[in-house]
Each structure stands twice: as C-alpha cells, then as structure tokens.
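Data first, discussion second: the structure below is written as structure tokens.
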Ligand SMILES: *Cc1c(COP(=O)(O)O)cnc(C)c1O
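Numbering (the working numbering), first residue to last: 1 to 420.
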C-alpha cells in the first residue's frame, strides 16, 4: 500500500490554482530531493555510483539543476536533450548519451561535450569513427534477447529494436581494442515501470557475469556498467514501491560475488532512472468544467491527454484526488475526460469518486515523469505550465504555458494572401 497524498495543504493548493490558471503540473522539490538522497545512499557502497536522470522523463532545466545538486547526471538521447544538459552546466562525465538510429550531428555534439557515448549497434563503431573519431571511452548497449524475460511495457528483449546481441558485443569490443580504445562501458535497459526489485538484481548479475567473461576472453576491463532505468512506481494505491535499499544491497552482493571475486577491478555502477526519480512527486492539477450525463456520467476537465497522455496511450492508472473531498464517500462512478476529439481522451474510466461539481479541483497523481514531457499539440491543444513547490513552501513557475502564438510560430501567414 502507498498513500496518495498532496504535496501541500488543500488551502495552499487552492491558493496556487487561484494565482496560476489550471491546468498545470506541480513538482514537489522537497520530496524530489529526499528521494534522490535515499536513492544515492542505497548505492553509496560504490565509489563511482551515479544515476543519470533520464531527461526525457521531465526535460526541465530547473528540475535537472535540483538533481545535479543531488549528484545526479543526465541520460540523453537527442540533440535537444544534450543541449539542455549543457545549459544546465552538467560536465561531460555526468552525461550519458544513449541513442538509437543516431544522426551524425548528435555523435559530434556528444563527443564535443565529453559525454559517455553508448552505441546502439555494431555498425555505429565505424559510423562514429568516420563522423568524429572514436572517443577515449566507448560503451555498448546490450540486448540480452531470449536470455532475459520480458516486461509488460518494454516487451520481450528479442523483439526490441535496441542494442547489440551477445556475439556482437564480443566482436565489437575486440574491434574497439584493435582501434586503440582503452576504456569501456557496458549498458543495458530491459525493463520499464518494473516493480519487482529482484528483477534489477538479476539484471546486474547477468551483466556482471558477462563482463567477467569479456575480461577473460578479450583481456579488457570496464570503467562502468550501466544497468539502465526502468524502476517502476506504484501508480495504484494498492501497489508497493520498489525497495531501493534492497536493490542496492542485492547489487552490492552480486558485484562482490560475480565481478570482484572473478578478478575484475572495481568499476562504477550507473543507473539511468527517470520515472522513479520525479514521477511520484509531480501532480497535474486541473479544474472541472462540465458534468455530462448520457449513457455514462462524464466529468469534463480543463486538462486533456495533451497534458498527461499515459492513460490514453497505455490505459495507465493515475490516482485522482478531488480536492476537499478526499474523505467523502466514493459513491459515484465517472469517466474523467478531456476536451480532445479522441474518445480515448480519458484520464479515468468508470472510476469511483466522490460526487463532483463544476469548479472542483482534481489532482492527478504520479504525473512527474513521462507526463508533461509527452505533451503534443494535436487538435490545437496547448501544453500547460510547470510549477515548482520550493522547500520553503513558495511556488515558482519553471515553464510557462504555451500560447496560441507558440502554436502558430512555425507558420508564415505572410504568403497566404497571394497563395492560389
Ligand atoms: C526511457 C529510458 C530510461 C528511463 O526509463 P524510466 O522508466 O523513466 O526509468 C533510461 N534509459 C533509456 C535508454 C531510456 O530509453
């Protein structure tokens, strides 16, 4: 069980909503920092440990700065994400560049920043070398294929487009060695929103054994192993959060038994979690516009799937608090909808909630990762503002809401009068 609470009092939430028009995303700085510290502490046994926050989860420089202060790096997979990390002031070693189907310009930028470059395919060795020369350190992304069981969101590894096969890894590192590369990393990312803590320990064991074998076969040692992201969060109240201390301790034991005991020197453990770092500490706050009673009872919000796409995209559950009515009987059944002309624009289907009236404030929980970031402009919908609840209780806007001018910014109307 996990309790779905608000980051501030109901009175303060109403004050915030009076000052900034809904919908908006609200992030809880104090909780993000506390969680980041707990996360780091679970791996404090490893000297080089770092979590590279997956920028795609919440690409906001203010949140990235908070995480930088907590010792986190950034995991990037596009040029804009690299540029964002540069603007935040992250040094190269705090950036992991994990892309696929990568354009040359992204390798050029990643190399210029001194980022850790993680190759998705064996053919990218030559591509990278031709594009900008091989860096001092190269990492490969491993796809264990049938050796690792699947996970619901990311699917079976052998059906995933990412990474090297096992055979390609041996061949790839051999070629790097021939080309004079002396420092190596190994990466995998096989799960998404996984709640079983043992899954991450098992993934670590798989990689440690592989590293020991690569060392024995090729005579190379590794600077780091990146175990990827994918630690899930309990979106439903009846689910349980991943015990990060269990994961940290399990990986420590595996590290000693499967790596150090086999004669590999100390290496750095990296993770690139996004969801579990900010997800539970972000809230989408929205106001009820209309109630509609037809074959079902509908609640129409001022937010829509452009502000939080996960329910429409994956049928994902996001817990809802009706502000001021959390302890009222949940004796009504509603579809909670947005205004987009898509019937899957529903935050919840047949959800038991207290009686709702127009003007009620609804809070959608666990929207702090893969929430605002997935926004889009289909149907002329605009992305909302992002607000930060500071540790002292004050609120600052860390991204303004989009305007109609933003929506039209890519169009040039000046040629239209003469256009036939
Ligand atoms: C999306 C992604 C992550 C982050 O995943 P979370 O589920 O947010 O932890 C990490 N690494 C790669 C390569 C990704 O694509």
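All C-beta atoms in this analysis are idealised placements derived from N, C-alpha and C, irrespective of residue type, glycine included.
None of the values given here were measured: they were computed from a predicted structure.
Among 230, 359, 157 and 321, which one has its Cα closest to the Cα of residue 291? If you number the chain shown from 1, residue 291 lands on position 291. The candidate whose alpha carbon is nearest that of residue 291 is 359.
Expressed to the nearest angstrom, what Euclidean distance is found between the alpha-carbon atoms of residue 372 and residue 285? As a position in the chain shown, residue 372 is number 372, starting the count at 1. As a position in the chain shown, residue 285 is number 285, starting the count at 1. Distance between the alpha carbons of residue 372 and residue 285: 12 Å.
Consult DSSP for residue 199 and reduce its assignment to one of helix, strand or coil. Within the chain shown, numbered from 1, the residue matching residue 199 stands at position 199. Residue 199: helix per DSSP, three-state reduction.
Is it right to say residue 232 is buried, meaning 16 or more other beta carbons lie within 10 angstroms of its own, or is it exposed? Along the chain shown, one-based indexing puts residue 232 at 232. The residue in question, residue 232, is buried, as its Cβ has 16 or more Cβ neighbours within 10 Å.
If you draw a straight line from the C-alpha of residue 407 to the C-alpha of residue 399, how long is it? As a working mapping, residue 407 is identified with position 407 in the chain shown. As a working mapping, residue 399 is identified with position 399 in the chain shown. Straight-line Cα distance between these residues: approximately 16 Å.
Any idea if residue 5 is buried or exposed, counting beta-carbon neighbours within 10 angstroms, 16 or more meaning buried? The count along the chain shown starts at 1 and reaches residue 5 at position 5. Taking all protein chains in view, the Cβ of residue 5 is surrounded by fewer than 16 other Cβ atoms within 10 Å, so the residue is classified as exposed.
Going by the beta-carbon positions, is the gap between residue 245 and residue 42 smaller than 7 Å? For the purposes of this step, residue 245 is identified with residue 245 of the chain shown, where counting begins at 1. For the purposes of this step, residue 42 is identified with residue 42 of the chain shown, where counting begins at 1. Taking the C-beta atoms as reference points, residue 42 is found nearer than 7 Å to residue 245.
In the structure shown, what three-state DSSP assignment does residue 75 receive? In the chain shown, the residue the question calls residue 75 occupies position 75. For residue 75, the secondary structure class from DSSP, reduced to helix, strand or coil, is strand.
Tell me whether the beta-carbon of residue 287 lies closer than 7 Å to the beta-carbon of residue 302. Locating residue 287 in the chain shown gives position 287, where the first residue counts as 1. Locating residue 302 in the chain shown gives position 302, where the first residue counts as 1. It is a contact, given that the beta carbons lie within the stated cut-off.
In the structure shown, what three-state DSSP assignment does residue 250 receive? The residue given as residue 250 occupies position 250 in the chain shown. Three-state result, residue 250: helix.
Reducing DSSP to helix, strand and coil, say where residue 241 ends up. The residue labelled residue 241 in the question sits at position 241 within the chain shown. Shown here, residue 241 sits in coil according to DSSP, grouped into three states, outside any helix or strand.
Going by Cα to Cα distance, which pick from 116, 99 and 396 is closest to residue 29? On the chain shown, residue 29 is found 29 positions in, with the first residue counted as 1. Closest by alpha carbon: 396.
Applying the criterion that 16 or more other CB atoms from any shown protein chain within 10 Å of the CB defines a buried residue, is residue 194 buried or exposed? Counting from one through the chain shown, the residue named residue 194 turns up at place 194. Here residue 194 is buried, its C-beta having at least 16 other C-beta atoms within 10 Å.
For ligand 1, is there any heavy atom lying closer than 6 Å to the beta carbon of residue 241? Walking along the chain shown from the start, residue 241 turns up at place 241. No heavy atom of ligand 1 is found nearer than 6 Å to the CB of residue 241.
Any idea what DSSP makes of residue 374, helix, strand or coil? Locating residue 374 in the chain shown gives position 374, counting from the first residue. It is helical.
Just to confirm the assignment, what range does the beta strand (DSSP E) spanning residue 179 have? Walking along the chain shown from the start, residue 179 turns up at place 179. From DSSP, residue 179 is part of no beta strand (DSSP E); its letter is neither H nor E.
May I ask you to check if the CB of residue 275 is nearer than 6 Å to at least one heavy atom of ligand 1? By 1-based counting over the chain shown, the position of residue 275 is 275. Under cutoff, so the answer is yes.
Going straight from the alpha carbon of residue 152 to that of residue 416, what length do you get? For the purposes of this step, residue 152 is taken as the residue at position 152 of the chain shown. For the purposes of this step, residue 416 is taken as the residue at position 416 of the chain shown. Per-residue confidence for residue 152 stands at a pLDDT of 48, beneath the threshold of 50, marking its modelled position as unreliable; the derived number appears in the next sentence. Their backbone Cα atoms lie some 48 Å apart in a straight line.
So, do the segment 258-272 and the segment 9-17 have three or more beta carbon pairs nearer to each other than 8 Å? The segment 258-272 and the segment 9-17 do not touch, with fewer than 3 CB-CB distances between them shorter than 8 Å.
Could you tell me if residue 120 is buried or exposed, where buried requires 16 or more neighbouring beta carbons within 10 angstroms of its beta carbon? On the chain shown, residue 120 is found 120 positions in, with the first residue counted as 1. Flag for residue 120 reads buried.
Helix, strand or coil: how does DSSP classify residue 163 here? In the chain shown, counting from the first residue as 1, residue 163 sits at position 163. Residue 163: coil per DSSP, three-state reduction.
For residue 376, is the classification buried or exposed, using 16 other Cβ atoms within 10 angstroms of its Cβ as the cut-off for buried? Within the chain shown, the letter at position 376 stands for residue 376. Burial is judged here by how many other beta carbons sit within 10 angstroms of a residue's own beta carbon; residue 376 has fewer than 16 and is exposed.
In terms of DSSP beta bridges, what is residue 397 paired with? As a working note, residue 397 is residue 397 in the chain shown. For residue 397, which the question treats as bridged, DSSP gives the partners 387.
Name the DSSP beta bridge partners of residue 363, please? Counted from its first residue, the chain shown places residue 363 at position 363. According to the DSSP secondary-structure assignment, residue 363 is paired through a beta bridge with 285 and 321.
Spatial neighbours of residue 434 within its chain, please: C-beta separation below 8 Å, excluding the five flanking residues on both sides. Here the chain has residues from 1 to 420 only, and residue 434 is not among them.
Out of 92, 75 and 171, state which residue places its alpha-carbon closest to the alpha-carbon of residue 99. Looking up residue 99 in the chain shown gives position 99. Of 92, 75 and 171, the residue nearest in Cα terms is 75.
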